[in-house]
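A.B. asks:
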Amino acid sequence: MVSSFVLGPDESWPSLILGLLLVILVALGVGAVNVALIRGLKLSPIIATLATYSALQGVCLWLRPIPEGYISSKFIDKVLYSWGFMPVALIIVTVIAIAADIWLYRTPGGLAARAMGLDEESASRRGVRVVYLFVRAFFISAFAAAIGGFFLAAQVQVGDPTSGLTFTLTSIAAAVLGGASLLGGRGSFVGAIVGALFLNVIINILPFLGWSASYGRIMTGLLTLVALTFYQAPELSKRAKVALANLRLSRGGGVLAEKA
Numbered sequence: 007m008v009s010s011f012v013l014g015p016d017e018s019w020p021s022l023i024l025g026l027l028l029v030i031l032v033a034l035g036v037g038a039v040n041v042a043l044i045r046g047l048k049l050s051p052i053i054a055t056l057a058t059y060s061a062l063q064g065v066c067l068w069l070r071p072i073p074e075g076y077i078s079s080k081f082i083d084k085v086l087y088s089w090g091f092m093p094v095a096l097i098i099v100t101v102i103a104i105a106a107d108i109w110l111y112r113t114p115g116g117l118a119a120r121a122m123g124l125d126e127e128s129a130s131r132r133g134v135r136v137v138y139l140f141v142r143a144f145f146i147s148a149f150a151a152a153i154g155g156f157f158l159a160a161q162v163q164v165g166d167p168t169s170g171l172t173f174t175l176t177s178i179a180a181a182v183l184g185g186a187s188l189l190g191g192r193g194s195f196v197g198a199i200v201g202a203l204f205l206n207v208i209i210n211i212l213p214f215l216g217w218s219a220s221y222g223r224i225m226t227g228l229l230t231l232v233a234l235t236f237y238q239a240p241e242l243s244k245r246a247k248v249a250l251a252n253l254r255l256s257r258g259g260g261v262l263a264e265k266a
């Protein structure tokens with residue numbers, strides 16, 4: 007939406023670069039608001055994200071009640087550039103995701119980030135700077151959202167207030183399908199890309215099978231539930247065993263009490 011105001015078709019490259027920086031600054035501002043809501047007001051990250059999403063959607067509808075404001079064709083050509091059938095952006099994102107996974111699982115910084123996600127209090131006791139890591143994670147996420155917005159703007163090519171309506175929940179579904187835990191501490195950047203590609207294939211292939219687009223939403227929801235259940239199965243099994251052991255212990259105590 008912001009891109010439709012600052013990346014117009016008549017803008018020169020210096021103006022376009024300034025516009026890109028402005029979009030990134032707006033995204034970082036939204037990230038700062040989320041940090042304040044979560045760290046300051048102690049809101050759940052998901053609740054805070056959905057709240058800011060709803061508020062921003064209202065702002066978008068206020069700024070542009072109808073789709074208008076074309077995006078620069080020069081910008082579109084650069085963003086959607088391809089080598090043959092392969093988008094250059096996909097190659098770049100894949101390389102970045104692989105590097106990010108190496109950092110997440112092979113470096114002390116990645117270990118600290120995962121430890122914070124698993125148990126913030128325990129990580130803090132072990133000397134992890136949880137506040138710094140938390141703020142950094144949200145600003146990186148906001149920056150990545152701005153970059154994703156550039157690609158969406160290049161595809162839509164106009165300021166459409168409804169163009170990103172489905173991406174909030176779809177992005178969560180892609181991350182979950184890629185192995186991420188909504189409770190934190192587990193996930194993969196490459197897995198998120200694979201999950202997003204899988205969802206995209208499912209959604210795009212349904213019309214060729216004669217199914218309406220609504221089935222794509224249904225499939226996304228069902229796949230997310232299946233993935234959540236699958237990845238939570240070990241934890242659910244552990245809890246069931248503990249509950250069963252406690253039940254047996256309580257029954258045994260009752261029998262002993264009766265004999266006494």
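Under my numbering, read the sequence shown as residues 7 to 266, first letter to last.
Note that CB positions come from ideal geometry on N, CA and C, so glycine has one too.
#1: Please classify Gly165 as buried or exposed, where buried requires at least 16 other C-beta atoms within 10 Å of its C-beta.
#2: To the nearest angstrom, how far is the alpha carbon of Tyr138 from that of Arg254?
#3: Report yes if the CB atom of Leu27 is closer than 8 Å to the CB atom of Pro167, and no otherwise.
#4: What runs of the alpha helix (DSSP H), each 4 residues or longer, lie entirely inside the region 73 to 116?
#5: What would DSSP say about Gly165, mapped onto helix, strand or coil?
#6: Going by other Cβ atoms of all chains shown within 10 Å of its Cβ, with 16 needed for buried, is Ala129 buried or exposed?
#7: Determine, using beta-carbon pairs with one atom in the region 41 to 55 and one in the region 115 to 122, whether at least three such pairs fall under 8 Å.
#8: Under three-state DSSP, which class holds Lys247?
#9: Val196 and Leu188: beta carbons closer than 8 Å?
#10: Does the beta-carbon distance from Ala152 to Ile77 come in below 8 Å?
#11: Under three-state DSSP, which class holds Arg135?
#12: Specify the secondary structure class of Glu126 as computed by DSSP and reduced to three states.
#13: Would you check if the distance between the CB atom of Gly201 and the CB atom of Gly222 is smaller than 8 Å?
#14: Residues in its own chain within less than 7 Å of Met7 by CB, not counting five upstream and five downstream?
#15: Can you give the beta carbon distance from Leu22 to Leu13, rounded, assuming they're within the 8 Å contact cut?
#16: Pull up the distance between the alpha-carbon of Phe11 and that of Ser243, whole angstroms please.
#17: Is it the case that the Cβ atoms of Leu205 and Ala180 are separated by a distance below 8 Å?
#18: So, for Ser256: in the same chain, excluding its five sequence neighbours on each side, which residues have a beta-carbon less than 8 Å away from its beta-carbon?
#19: Hey, how far is the Cα of Gly154 from the Cα of Ala249?
#20: If you run the structure through DSSP and keep just helix, strand and coil, what is Met7?
#21: Among Ser60, Tyr111, Pro20 and Phe140, which one has its Cα closest to the Cα of Ser194?
#22: Rounded to a whole number of angstroms, what is the C-alpha to C-alpha distance between Leu43 and Tyr87?
#23: What do you reckon, are the CB atoms on Ile199 and Ala103 nearer than 8 Å?
#24: Give the straight-line distance between the Cα atoms of Ile208 and Arg131, rounded to the nearest whole angstrom.
#25: For Val101 and Gln63, what's the separation of their Cα atoms in angstroms?
#26: Closest to Phe267 by C-alpha separation, out of Tyr59, Pro73, Leu231 and Val39, would be which residue?
#27: Can you tell me whether Gly155 is helix, strand or coil according to DSSP?
C.D. replies: Walking through what the data contain:
#1: When all chains shown are included, Gly165 counts as buried.
#2: Here the C-alpha atom of Tyr138 lies approximately 45 Å from the C-alpha atom of Arg254.
#3: Contact check for Leu27 against Pro167 fails: the beta carbons are separated by 8 Å or more.
#4: You should have 79 to 85 and 94 to 112.
#5: Gly165 falls in the strand class under three-state DSSP.
#6: Ala129 should be labelled buried.
#7: Contact between the region 41 to 55 and the region 115 to 122 is absent, because fewer than three Cβ pairs lie under 8 Å.
#8: Assigned with DSSP and collapsed to three states, Lys247 falls in helix.
#9: No; because the gap between Cβ atoms is not below 8 Å, this pair is not in contact.
#10: For the pair Ala152 and Ile77, the CB atoms are not nearer than the 8 Å cut-off.
#11: Here Arg135 sits in coil by DSSP.
#12: In the three-state scheme derived from DSSP, where H, G and I count as helix and E and B as strand, Glu126 is classed as helix.
#13: At least 8 Å separates the beta-carbon of Gly201 from that of Gly222.
#14: Within the same chain, Met7 has close Cβ partners Cys66, Leu69, Arg70, Gly165 and Pro167.
#15: Taking 8 Å as the upper bound for CB-CB distance, Leu22 and Leu13 are in contact here, some 6 Å apart.
#16: Rounded to the nearest angstrom, the two C-alpha atoms are 52 Å apart.
#17: For Leu205 and Ala180, yes; Cβs fall inside 8 Å.
#18: Listed in chain order, the non-local C-beta contacts of Ser256 below 8 Å within the same chain number zero, local neighbours out to five positions each way being set aside.
#19: Distance between the alpha carbons of Gly154 and Ala249: 44 Å.
#20: Here Met7 sits in coil by DSSP.
#21: Nearest to Ser194 by alpha-carbon distance, out of Ser60, Tyr111, Pro20 and Phe140, is Tyr111.
#22: CA-to-CA, the gap between Leu43 and Tyr87 works out to about 38 Å.
#23: At a Cβ-Cβ threshold of 8 Å, Ile199 and Ala103 count as neighbours.
#24: Roughly 44 Å separates the two Cα atoms.
#25: Here the alpha carbon of Val101 sits roughly 32 Å from the alpha carbon of Gln63.
#26: Given that the chain is displayed from residue 7 to residue 266, the structure contains no residue 267 and the question cannot be resolved.
#27: Collapsing the DSSP output to three states places Gly155 in a helix.
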